[in-house]
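Structure record follows, encoded as structure tokens.
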Amino acid sequence: MPRFSPGDSLPGFVDAARVQVIVISALMMRELHTRYGRENLGFVWLVVEPMMFCLGVMGIWTLLHGRVERGIPILAFVITGYLPLTLWRHVTFRAIHCFRANSPLLYHRQVKMIDLLIARVILEIYGMMIAYLVIAFVFCVLGLYELPKDWGLFYAGWLYFIVFTTAIGLIIGSLTEMYDWSEKFIGPLMYFLLPVCGAFYMSDWLPARYERIALYMPTVDAYELLRSGQFGPSVRTHYDLEYLTFACLVLLAVGIMLCRRVHRFLIVE
Amino acid sequence: MIRAEGLVKVYPGHGVPHLVLDNVNVQVPRGRKLALLGRNGAGKSTLIRMLSKIEMPTSGTVVHEMSVSWPLGFGGTFQGSLTGIDNMKFISRIYRADYKKLSRFVDDFAELGKFLYQPVKTYSTGMRARLAFGLSIAIEFDCYLIDEVFLVGDQRFHARCQEHLFDRRSDRSLIIASHDAAFVEATCDCALVLSGGKAHYFDDVRQALAAYHFM
């Protein structure tokens, strides 16, 4: 049997990172089993759930707005709007009391609180990416969806969304652990942010004054980036890359700091 | 060696902070078997959680110079909604143990049979203890942290622990919290008596037990 001390006997950053990768992947396997079980579709739900959501909204929007509005194909607009939104919403709601729910696992000291959250985020990202691939493939074949014009910008938009989402997850996971009442605000807050977040509009549609204000919301910048990759130069987009990077990194730093703080006060069962 | 220096732990409580450990120092060299004695609420479990590094002390440091098990006790360790098998797989992954060897040993040690395919939340306390001990012995730690859980085991479990942990692995360190005087006297070679947040070290277990009963 291999001798292995997860604590001190593994010096150096590389080994620590390796332990973390092992722990996170084990947590992901475990999460798949606890959430989806082995019955019926199992972990395929991870993909089907966001897909149902996206397909439904695509149908409704196409009925209401037709195939093209303001020179933008509605289908692609909805896909680029809804999938990131679903990622953000899922991670937010999964993060609530995430640490408490998993506290038996913290009996193993190599399992850190941040790993619990990262495992969940990565699973959601997988689900969302596969959902996108399936939807994009099917509607591409049907001739209703055109692939992104600039993959670099498209990926960059996703990447910022992922960093933003992770940061929000860390913050919410920690805050709900520290203050029970904070959980009550998340539902309303997410609802109010829905029309603001940028999923349903382009900043170019707004009067110039509001456009500048809208770009203070990091998700708006990320959406614009993503959509400039999707639609190419035919659609006018506005985003402030420096501000977006700055905002995401600040939120991430706050999230990590809160997470460490919670660890100091955590009582394991 | 496990070295803990100046351990202080304060639990916030609701407006009434509770000082559980007040400047506790512990050193456990390899092979040493340390008993933790103290009344209910004296801080034995808290000390074990600090020594295992799953909870952080308010101040003070804990250093591991050997591999240390997770606390074998009543709580934690397993995800209740998952089966014994899934929990075994998870633990073998995070401790990088070979799953086949591990499961063969645990199957033989814990004798849970088809219960391994049931969610752990349906297990009795004794069955959980058997699974946890089986796993931790299979992973081969240098030091085992054991929190009172012996009391829940049946005779067969005690005999198996005697054979696999105390006889065959007598070179390992143990830190055991227990109220069972006979067991402590037979197993341990030194003791720490906890009272009012302070720890008193005894080289002689009998003296420690006498002091503990005198309290």
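Chains P and G, in that order, are what the protein sequence lines are. Per this note's numbering, the very first residue in the first sequence carries number 53; after that it's consecutive. Per this note's numbering, the very first residue in the second sequence carries number 2; after that it's consecutive. Glycine residues also receive a C-beta, built at the ideal position from the N, C-alpha and C atoms. Treat the numbers as computed from the prediction; the structure is a model and nothing was measured.
Across the structure, V190 (chain P) and H142 (chain P) are spaced so that their CA atoms are roughly 24 Å apart.
Non-local beta-carbon contacts of M103 (chain P) in its own chain, meaning distances under 7 Å to residues more than five positions away in sequence, involve A183, V186, I187 in chain order. When P:H149, P:R70, P:P136, P:T138 are compared, the shortest CA-CA separation from L222 (chain P) is found for P:H149.
Taking Y268 (chain P) as the centre and dropping the five residues before and after it, the same chain places the C-beta of Y295 closer than 8 Å to its C-beta, in chain order. When secondary structure is reduced to three states using DSSP, F142 (chain G) falls in the coil class, being assigned neither helix nor strand. Around the beta carbon of A147 (chain P), a 10 Å sphere encloses 16 or more other beta carbons of the protein chains shown; the residue is thus reported as buried. Taking a C-beta distance under 9 Å as the contact criterion, M81 (chain P) and F110 (chain G) do not qualify as a contact pair. For R169 (chain G), the nearest beta carbon of chain P is not closer than 9 Å to its own beta carbon.
Within the region 48-60 of chain G, the residues whose Cβ lies closer than 9 Å to some Cβ of chain P are R50, S53, K54, I55, E56, M57, T59, listed in chain order. Not a single CB atom of chain G sits nearer than 9 Å to the CB of M230 (chain P). For chain G, the residues of the region 62-84 of chain P that bring a beta carbon within less than 9 Å of one of its beta carbons are V71, I74, V75, S77, A78, L79, M81, R82, in chain order. Neighbours of S125 (chain G) in chain P, taken as residues whose beta carbon is under 9 Å from its own, are absent, since the nearest beta carbon is some 17 Å off. Contact of P156 (chain P) with chain G is assigned, a C-beta pair being separated by under 9 Å. Cβ neighbours of Y100 (chain G) within its own chain (closer than 7 Å, five residues either side excluded): K90, S93.
In terms of Cα proximity to V100 (chain P), the closest of P:T132, P:G179, P:L241 is P:G179. Non-local C-beta neighbours of P120 (chain G) in its own chain, meaning closer than 8 Å and more than five positions away in sequence, comprise G81, S82, L83, T84, ordered along the chain. Per the coordinates, the alpha-carbon of Y118 (chain G) lies some 13 Å from the alpha-carbon of G89 (chain P). Taking the Cα positions, S77 (chain P) is about 42 Å away from S196 (chain G). Where T62 (chain G) is concerned, the enclosing beta strand (DSSP E) starts and stops at 60-65. When the five nearest sequence neighbours on each side are left out, the beta carbons in the same chain lying within less than 8 Å of the beta carbon of Y96 (chain G) are those of I140, in order along the chain. The alpha carbon of G108 (chain P) has as its nearest neighbour, out of P:T297, P:Y134, P:D232, the alpha carbon of P:Y134. The Cβ-Cβ distance between I177 (chain G) and L37 (chain G) falls below 9 Å.
Contact annotation: the region 28-46 of chain G touches the region 178-194 of chain G, with at least three C-beta pairs closer than 8 Å.
By the neighbour-count definition (other C-beta atoms within 10 Å, threshold 16), V96 (chain P) is an exposed residue. Annotation for H165 (chain G): F110, I138 place their beta carbon closer than 7 Å to its own, counting only its chain and skipping 5 residues before and after.
Contact check for F206 (chain P) against P270 (chain P) fails: the beta carbons are separated by 9 Å or more.
At a cut-off of 4 residues, the continuous stretches assigned as alpha helix (DSSP H) that sit fully inside the region 27-96 of chain G are 45-52, 85-95. Beta-bridge partners of Y202 (chain G) (DSSP): G:L193.
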